[in-house]
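Numbering (the numbering used here), first residue to last: 330 to 547. By construction, the Cβ of each residue, glycine as well, lies at the ideal position given by its N, Cα and C atoms.
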């Protein structure tokens with residue numbers, strides 16, 4: 330097992346390995362090789378072997394990796410075997426979809442509260458998640474000790490929301506706003522940009538000769 334920290338690219342690959350192990354376990358696959366992992370994910374087997382040296386785990390010669398044991402080792406390394414309490418900022422269509430998504434809780438992420446500014450939403454719930462006014466953010470974060478937040482607000486409001494979260498004591502933010510946030514370095518921000526992912530997809534399709542566009546834009 331290596332010391333130090335893996336690169337962000339290696340962590341992202343290990344997250345993909347964990348997802349693959351979950352699929353293999355569901356299919357009843359007991360053993361998997363680095364080349365099989367590499368083929369499934371479109372990477373090199375040497376990258377797989379290099380990444381797995383970060384784990385307190387090793388394979389078996391000629392058999393590969395025990396799927397259940399590798400799954401557990403990845404969960405432990407990625408801290409995916411813990412429960413995390415999260416707050417959600419924005420009770421619009423995206424926020425409602427996220428709050429209703431059962432996969433979050435199944436994978437250890439419990440959305441405990443939603444914050445918005447629309448008076449007609451305050452006091453309501455989405456499923457079993459209560460909606461609070463954004464002005465109560467500081468008091469409730471301090472009361473409950475929340476440290477993780479999801480931003481699901483329009484881009485124009487995202488920077489101010491991010492700054493308020495930092496002042497309240499939030500140290501990890503999943504940013505779905507499509508707006509780059511300028512926040513202190515001690516705060517970890519992960520941007521999820523659907524348009525960027527779609528641009529990556531359509532660019533790849535064009536390189537493969539797939540004519541997926543309807544017409545040129547102005």
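Mapping DSSP to helix, strand and coil, what is residue 459?
-> Along the chain shown, read from residue 1 onward, the residue named residue 459 stands at position 130. Note: residue 459 maps to strand in three-state DSSP.
What three-state label does DSSP hand residue 439 in the structure shown?
-> Translated into the one-based positions of the chain shown, residue 439 becomes position 110. In the structure shown, residue 439 sits in a strand (DSSP, three-state: E or B).
What is the DSSP secondary structure of residue 409, reduced to helix, strand or coil?
-> As a working mapping, residue 409 is identified with position 80 in the chain shown. Residue 409 falls in the coil class under three-state DSSP.
Would you kindly report the start and end of the unbroken beta strand (DSSP E) that includes residue 518?
-> Translated into the one-based positions of the chain shown, residue 518 becomes position 189. 517-520 is the span of the beta strand (DSSP E), which, as asked, contains residue 518.
Per DSSP, cross-strand counterpart(s) of residue 634 = There is no way to answer for residue 634, as the model of the chain reaches only from 330 to 547.
Close-in-space but distant-in-sequence residues of the same chain around residue 500 (CB under 6 Å, 5 per side omitted) | For the purposes of this step, residue 500 is taken as residue 171 along the chain shown, with counting starting at 1. Same-chain partners within the cutoff: 476 and 516.
Identify, in the order they occur along the chain, each residue of the same chain with its Cβ nearer than 7 Å to the Cβ of residue 466, setting aside the five sequence neighbours on each side.
-> Working through the chain shown from its first residue, we reach residue 466 at position 137. Answer for residue 466: 444, 493 and 497, listed in chain order.
Proximity test, Cβ basis, 7 Å: residue 370 and chain C = The structure shown contains no chain C; it holds only a single protein chain.
Inter-residue Cα distance where the pair is residue 351 and residue 357 = Translated into the one-based positions of the chain shown, residue 351 becomes position 22. Translated into the one-based positions of the chain shown, residue 357 becomes position 28. Answer to the nearest angstrom: the Cα atoms are 10 Å apart.
DSSP beta-bridge partners for residue 314?
-> Residue 314 lies beyond the range of the chain shown here (330 to 547); nothing can be said about it.
Can you say whether residue 482 is buried or exposed, counting buried as having 16 or more other CB atoms within 10 angstroms of its CB?
-> Taking the first residue of the chain shown as 1, we reach residue 482 at position 153. Residue 482 should be labelled buried.
Assumed close pair residue 416, residue 441 - CB separation to whole angstroms, cut-off 8 Å | On the chain shown, residue 416 is found 87 positions in, with the first residue counted as 1. On the chain shown, residue 441 is found 112 positions in, with the first residue counted as 1. At roughly 6 Å, the Cβ-Cβ gap stays under 8 Å, so residue 416 and residue 441 are in contact.
For residue 454, write down the residues that DSSP places opposite it in a beta bridge.
-> Within the chain shown, numbered from 1, the residue matching residue 454 stands at position 125. Answer is 459, bridged to residue 454.
What do you get for residue 519, buried or exposed, if any count of 16 or more other CB atoms within 10 angstroms of its CB means buried?
-> In the chain shown, residue 519 corresponds to position 190, counting from 1. Burial call: exposed.
How about the stretch 398-409 and the stretch 336-346: do they share at least three Cβ pairs that are nearer than 8 Å?
-> yes
Cα-Cα separation between residue 335 and residue 421, rounded to whole angstroms = One-based indexing of the chain shown puts residue 335 at position 6. One-based indexing of the chain shown puts residue 421 at position 92. If I take the Cα positions, the gap works out to 36 Å.
With residue 490 and residue 513 assumed to form a contact (beta carbons below 8 Å), what rounded beta-carbon distance in angstroms separates them?
-> Here residue 490 refers to the residue found at position 161 of the chain shown. Here residue 513 refers to the residue found at position 184 of the chain shown. With 8 Å as the limit, residue 490 and residue 513 do not qualify as a contact, their Cβ atoms being about 15 Å apart.
What whole-angstrom Cβ distance do residue 394 and residue 361 have, given they're in contact under 8 Å?
-> Sequence index remark: in the chain shown, residue 394 carries index 65 (1-based). Sequence index remark: in the chain shown, residue 361 carries index 32 (1-based). Confirmed, about 6 Å.
So, helix, strand or coil for residue 495, using DSSP?
-> Counting from one through the chain shown, the residue named residue 495 turns up at place 166. Residue 495: helix per DSSP, three-state reduction.
Alpha carbon of residue 373 to alpha carbon of residue 381, nearest angstrom | By one-based count along the chain shown, residue 373 stands at place 44. By one-based count along the chain shown, residue 381 stands at place 52. If I take the Cα positions, the gap works out to 13 Å.
Is it true that the CB of residue 439 sits closer than 7 Å to the CB of residue 451?
-> The residue given as residue 451 occupies position 122 in the chain shown. The residue given as residue 439 occupies position 110 in the chain shown. Cβ atoms of residue 451 and residue 439: not closer than 7 Å.
Give a yes or no on whether the C-beta atoms belonging to residue 484 and residue 506 are separated by under 7 Å.
-> Locating residue 484 in the chain shown gives position 155, where the first residue counts as 1. Locating residue 506 in the chain shown gives position 177, where the first residue counts as 1. Yes; because the gap between Cβ atoms is below 7 Å, this pair is in contact.
Backbone secondary structure at residue 340 - three-state DSSP | Taking the chain shown and counting its residues from 1, the one referred to as residue 340 is at position 11. Helix at residue 340.
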